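Residue numbers (the numbering used here): 171 to 763.
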């Protein structure tokens, strides 16, 4: 802690102890970075010339199960803010409760959104009751770390781009009240795209208006000024890159163009938060999805084409931004680290048959297929099975169909593969051969993080039909604990039949050991596999999918160790190579600007 200071909003500037102060910030989301690498990323951001770090608070990372709050390890927000202070930087915190961020369910817990009667992001008392408990927890962390108490926090944001979603002023007023009553004394902000209706919808007395944009700087700043005649101009999200969906290209922006836009912002006297200065990784099952007419899940990498890459390297964009910042503010005169190639090696893998049964829970029988949400807040992989007797499917090929499949289903008839149904391709039906039983393994591949489909139920939606005739049921349902799969496969006995001639139909477990001289960042090549999940020493790296663009998974050095290490794979489709390969550099796919 340092001596307390005052941070205020003046007529034209932010004021630090009464003197004009320009914020030059960058976004780092602490759950997307291994906690042992937080300091490294914060320090590199400081070396670029930043004087602040911004982060969202991801509610569902802290409270995945209602009433079970966590704030240690990878979600130790207090420690993250303390590290920012130790580097001599300020902090901007955006607790939401909704954050978007290309994060699973927009940061809202699935136990919250499973209630179909609840009106999200509104003054619905049921919603506000849960939000009140959440904000109380967050503010316990923030209050003693505010700048006027000797900490680093200078701004706290209310909601997030609310003007694009709603206009419930009573909701915003209650968030402000809860925040102030908890002891937050620093200025409160809002953010919206500089579009008149959005700015009006998301505004409220007591909130300083900021914008989110990445180009057309002067036009966007002018729009902000039209709607807020006094106070400092700030771009709270200066989009310097973009996110990737499975099945698309890897998005990049021209670093010189981005630097020119940053220069225009700073030359106009505006404050800025670079989104993202370091993107990090959607570890485990935290990636979100978009659906503006077509469902598109996010990839595991959140590199975002940021100045500091997913693995912490300083990019051309870093150096270009540092040069721009140096024209407007002091930049540390300290050595900059050079990129280092990761170790390159191969690991032979042994197989484990039917890994899903190791983490299966029998959910019983149902008259109709239940949604995943009806089975529990943390369910992402479910098997549905039903007899086809009494339907046309026992005698001939038929079309199996549902109202919707959310999100990816592997279909079997009499235990033989019969096809897939992919929401990304808008598939709701598939021709299946004649048989006596149908089984579907359904995977949730990421919950929508933006717009009105946040909180939608997952699994099989609507009645099951073959050639229009209902499947009478009952449906036998099993769910699988995906998070526990890595350890289960690590502990299971090997099987001589799991990998045959390096070509196995999934689901299959794979594992192999390798040795390192010291801890090291690694890049796991996934090109020999179809669709599944990967772990190193029990740390859940995330999803992979042959659809790309992402072809490697980032392995943070702190999850490795000197000596023996274990790589674990659960492949849901087919293995074409029973070898794990580690590459010197990441492969995030073919790029587009």
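Glycine included, every Cβ here is placed at the ideal spot set by N, Cα and C.
In this text, all values refer to a predicted model and were calculated from it rather than measured experimentally.
Task: For residue 686, three-class secondary structure by DSSP - done: In the three-state reduction of the DSSP assignment, residue 686 falls in the strand class, which pools E and B.
TODO: Count the other C-beta atoms from every protein chain shown that fall within 10 angstroms of the C-beta of residue 762, then say buried if there are 16 or more, exposed otherwise.
DONE: Residue burial annotation: residue 762 is exposed, with fewer than 16 other C-beta atoms found within 10 angstroms of its C-beta.
Open item on the list: If you reduce the DSSP assignment to three classes, tell me which class residue 261 lands in.
Closed with: Residue 261 falls in the strand class under three-state DSSP.
Task: Residue burial classification, residue 424 (beta-carbon count within 10 angstroms, cutoff 16) - done: Counting the other CB atoms within 10 Å of its CB gives residue 424 a total below 16, which places it among the exposed residues.
Open item on the list: Taking 9 Å as the threshold (beta carbon to beta carbon), is residue 342 in contact with chain C?
Closed with: The displayed structure is made up of one protein chain only, and chain C is not part of it.
Open item on the list: Could you give the first and the last residue of the continuous alpha helix (DSSP H) run that contains residue 751?
Closed with: Boundaries for residue 751: no alpha helix (DSSP H) harbours it, while the beta strand (DSSP E) harbouring it runs 749–753, taken from the DSSP string.
Task: Cβ neighbours of residue 284 in the same chain (closer than 6 Å, five flanking residues each side left out) - done: The residues 543, in chain order, have a CB closer than 6 Å to that of residue 284 in the same chain once the five nearest residues on each side in sequence are set aside.
- [ ] Run the proximity test for residue 552: is its beta-carbon closer than 8 Å to any non-hydrogen atom belonging to the ligand MN?
- [x] This structure simply doesn't include the ligand MN, nor any ligand for that matter.
TODO: Rounded to whole angstroms, what's the CA-CA distance from residue 475 to residue 488? Just pull it up for me.
DONE: One C-alpha to the other measures close to 10 Å.
TODO: Could you tell me which residues DSSP puts in a beta bridge with residue 186?
DONE: Bridge partners of residue 186: 177 and 189.
Task: Nearest-angstrom Cα separation, counted from residue 564 out to residue 551 - done: Those two C-alpha atoms are separated by around 27 Å.
Open item on the list: Taking only three categories from DSSP, how would you classify residue 208?
Closed with: The DSSP-derived three-state label of residue 208 is helix.
Task: Counted within 10 angstroms of its Cβ, other Cβ atoms place residue 754 as buried (16 or more) or exposed - done: Using a 10 angstroms sphere on the CB of residue 754, the tally of other CB atoms stays under 16, which defines it as exposed.
Open item on the list: Between the alpha carbons of residue 191 and residue 322, how many angstroms are there, rounded?
Closed with: Each residue's alpha carbon lies about 15 Å from the other.
Task: Nearest-angstrom beta carbon gap, residue 318 and residue 355 [assumed within contact, 8 Å] - done: Confirmed, about 6 Å.
- [ ] Keeping to the same chain, check which residues put their C-beta closer than 6 Å to that of residue 332; ignore five residues upstream and five downstream.
- [x] Cβ neighbours of residue 332 beyond the five flanking positions: 372.
- [ ] Ignoring anything shorter than 3 residues or poking outside the segment 463–512, list the beta strand (DSSP E) runs there in chain order.
- [x] Runs found: 465–467.
Open item on the list: If we require 4 or more residues per run, which alpha helix (DSSP H) segments fall completely within the segment 381–413?
Closed with: 387–397, all fully within the segment 381–413.
TODO: Inspect the CB distances between the segment 567–576 and the segment 601–616 and report whether three or more fall short of 8 Å.
DONE: Touching, yes.
- [ ] Closer than 7 Å by C-beta to residue 757: which residues in its own chain qualify, once you throw out the five before and the five after it? Chain order, please.
- [x] Contacts found: 721 and 722.
Task: residue 683 versus residue 657: straight-line alpha-carbon distance, rounded - done: When rounded, the separation of the alpha-carbon atoms in residue 683 and residue 657 is 14 Å.
TODO: Return the residue from the list 560, 548 and 525 that minimises the CA-CA distance to residue 661.
DONE: With distances taken between Cα atoms, residue 661 lies closest to 525.
Task: Reference residue 463; option with closest CA among 581, 596 and 520 - done: With distances taken between CA atoms, residue 463 lies nearest to 596 out of 581, 596 and 520.
Open item on the list: Please report the distance separating the alpha-carbon of residue 293 from that of residue 269.
Closed with: When rounded, the distance between both Cα atoms is 17 Å.
Open item on the list: List, from N- to C-terminal side, the beta strand (DSSP E) runs of 3 residues or more that fit wholly inside the segment 528–559.
Closed with: Runs of the beta strand (DSSP E) spanning 3 or more residues and lying entirely within the segment 528–559 occur at 530–536 and 551–557, in chain order.
- [ ] Using a threshold of 9 Å, state whether the C-beta atoms of residue 441 and residue 195 are closer than that.
- [x] Yes, they are a contact pair.
Task: Three CB pairs or more closer than 8 Å across the segment 722–739 and the segment 226–236 - done: Verdict: no, contact absent.
- [ ] Could you round the C-beta distance between residue 540 and residue 629 to whole angstroms and report it? I think they count as a contact, below 8 Å.
- [x] About 7 Å separates the CB atoms of residue 540 and residue 629; that is less than 8 Å, so the two are in contact.
Open item on the list: Taking 8 Å as the cut-off, does the segment 207–215 touch the segment 254–262 (at least 3 CB pairs, one atom from each stretch)?
Closed with: The segment 254–262 is in contact with the segment 207–215.
Task: Segment contact flag, the segment 604–617 with the segment 451–467, C-beta cutoff 8 Å, min 3 pairs - done: These segments touch.
Open item on the list: For the structure I just gave you, are there three or more beta carbon pairs, one from the segment 389–402 and one from the segment 689–708, closer than 8 Å?
Closed with: Here the segment 389–402 does not lie against the segment 689–708, with fewer than 3 beta-carbon pairs under 8 Å apart.
- [ ] Can you grab the Cα-Cα spacing for the pair residue 150 / residue 314, in whole Å?
- [x] Here the chain covers residues 171 to 763 and nothing more, so residue 150 does not appear.
Open item on the list: Can you tell me where the beta strand (DSSP E) holding residue 586 begins and where it ends?
Closed with: Looking at the DSSP string, the run of the beta strand (DSSP E) that includes residue 586 is 586–592.
- [ ] Figure out for me which residue from 522, 479, 382 and 533 has the closest Cα to the Cα of residue 645.
- [x] Minimum Cα distance to residue 645 is reached at 533.
Task: Residue range of the unbroken beta strand (DSSP E) whose run includes residue 575 - done: It spans 574–576 - the beta strand (DSSP E) in which residue 575 sits, taken as one unbroken run.
Task: Rounded Cβ spacing between residue 336 and residue 364 (contact assumed at less than 8 Å) - done: Between residue 364 and residue 336 the Cβ distance is about 18 Å, and since that is not below 8 Å, they are no contact.
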